[in-house]
DNA sequence: AAAACTGTAACATTTTTTATTACTTTTAAA
DNA sequence: TTTAAAAGTAATAAAAAATGTTACAGTTTT
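Right, here's the structure in full:
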């Protein structure tokens with residue numbers, strides 16, 4: 001999965017930020033986004049791996065934030081849910097005998113690296129707290 | 136089609152820039168990227184619509200640049216091949232009774248608009264000539 | 001013990017992207 | 001003046017990616 005992860009994860013975290021003391025169930029969270037609870041749990045698994053949230057199993061279980069909303073940036077979320085933003089590559093092994101084909105992907109890669117650096121910089125200036133305050 | 140268009144179009148234009156006086160056939164171009172000629176012609180149709188290239192039908196026909204490589208920026212290409220860069224949305228109609236669900240897409244949209252503005256700014260500083268010179 | 005959860009793998013479905021075919025039109029050259 | 005080599009384009013097919021579902025094991029509270 002690539003697309004969707006960032007938006008789902010940010011949605012989850014925004015919800016958690018509004019109830020910092022409660023364990024929210026994947027069913028409750030899924031209800032807010034009209035999504036299957038299993039997909040929510042998959043993204044929560046990723047958040048746990050990154051020590052952003054903790055979960056409690058069993059009855060009355062659920063998930064809550066581990067870190068302060070002011071200590072989580074959108075760049076953190078970007079990095080843990082998205083590889084890189086790209087505008088596409090030449091995917092069918094371009095002709096190695098053509099000087100353009102031979103180098104196109106390398107040059108695209110360089111370009112996209114720049115783009116991603118700028119996006120990272122921008123997103124690192126926005127905390128989950130900032131984002132959550134918009135609601 | 137969304138993905139692929141930018142990379143394919145940039146590849147086409149880079150090739151054309153290396154032979155500014157020749158009409159290159161879609162078959163020749165497709166050969167450089169190991170792609171079906173029909174897909175190449177589709178992207179060329181888009182370039183023609185934007186007055187970047189012209190084509191000649193019939194035997195010995197093909198496509199060539201209409202504009203100077205120093206007058207075409209990567210932002211021009213971005214704008215004509217890509218809607219917007221996003222990190223995804225909540226696509227299943229999030230719950231309108233949830234304050235987060237109700238507003239999530241609007242807030243994501245705002246965020247992505249910023250991202251796209253910055254990408255546009257960056258790409259507008261790179262001409263086709265600049266890019267082509269890397270080969 | 002029952003109920004309400006999480007965790008996760010396997011599988012199914014849907015959507016998007018990419019590729020192909022088929023056929024029309026145009027032009028240059030033999 | 002016929003043939004070959006090209007573009008243009010619509011319709012369809014195939015492949016890949018994303019998303020959704022089921023099923024079931026494990027955990028914790030009541």
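Chains as they are written, first to last, in our numbering: chain V, 1 to 135; chain Y, 136 to 270.
Ideal Cβ positions, reconstructed from N, Cα and C, are used throughout, including at glycine.
* Asked: When the Cα of residue 89 of chain V is compared with those of V:107, V:98, V:47, V:60, which residue comes out closest?
  -> V:107
* Asked: Got a sec, what are the start and stop residues for the alpha helix (DSSP H) residue 123 of chain V sits in?
  -> Its alpha helix (DSSP H) spans residues 99 to 123.
* **Proximity test, Cβ basis, 8 Å: residue 219 of chain Y and chain V** => It does not; no Cβ of chain V falls within 8 Å.
* Out of curiosity, what's the CA-to-CA distance linking residue 250 of chain Y and residue 194 of chain Y? -> Cα-Cα distance, rounded: 45 Å.
* Applying a beta-carbon distance threshold of less than 7 Å, which residues of chain V neighbour residue 204 of chain Y? -> Those do not exist, as residue 204 of chain Y stays about 14 Å from chain V at its closest Cβ, beyond 7 Å.
* So, residue 179 of chain Y versus residue 188 of chain Y, is the Cβ gap smaller than 8 Å? -> yes
* So the alpha helix (DSSP H) residue 198 of chain Y belongs to, where does it begin and stop? -> Residue 198 of chain Y -> not in any alpha helix (DSSP H); beta strand (DSSP E) instead, spanning 197 to 200.
* What are the residues that DSSP puts in a beta bridge with residue 43 of chain V? -> According to DSSP, residue 43 of chain V shares a beta bridge with no other residue.
* **Nonlocal neighbours in the same chain, by C-beta distance under 7 Å from residue 260 of chain Y, ignoring five residues either side** => none
* **C-alpha gap between residue 210 of chain Y and residue 87 of chain V, whole angstroms** => One C-alpha to the other measures close to 12 Å.
* Which class does residue 144 of chain Y belong to by DSSP, given the choice of helix, strand or coil? -> Looking at residue 144 of chain Y - three-state DSSP - the assignment turns out to be helix.
* Classification of residue 70 of chain V by the beta-carbon crowding that lies within 10 angstroms, buried from 16 upward -> exposed
* Compare the Cα-Cα distances from residue 233 of chain Y to each of V:81, V:135, V:93, V:95 and report the closest residue. => V:135
* Hey, would you say residue 235 of chain Y sits closer than 8 Å to residue 15 of chain V, going by beta carbons? -> With contacts defined by Cβ atoms closer than 8 Å, residue 235 of chain Y and residue 15 of chain V form a contacting pair.
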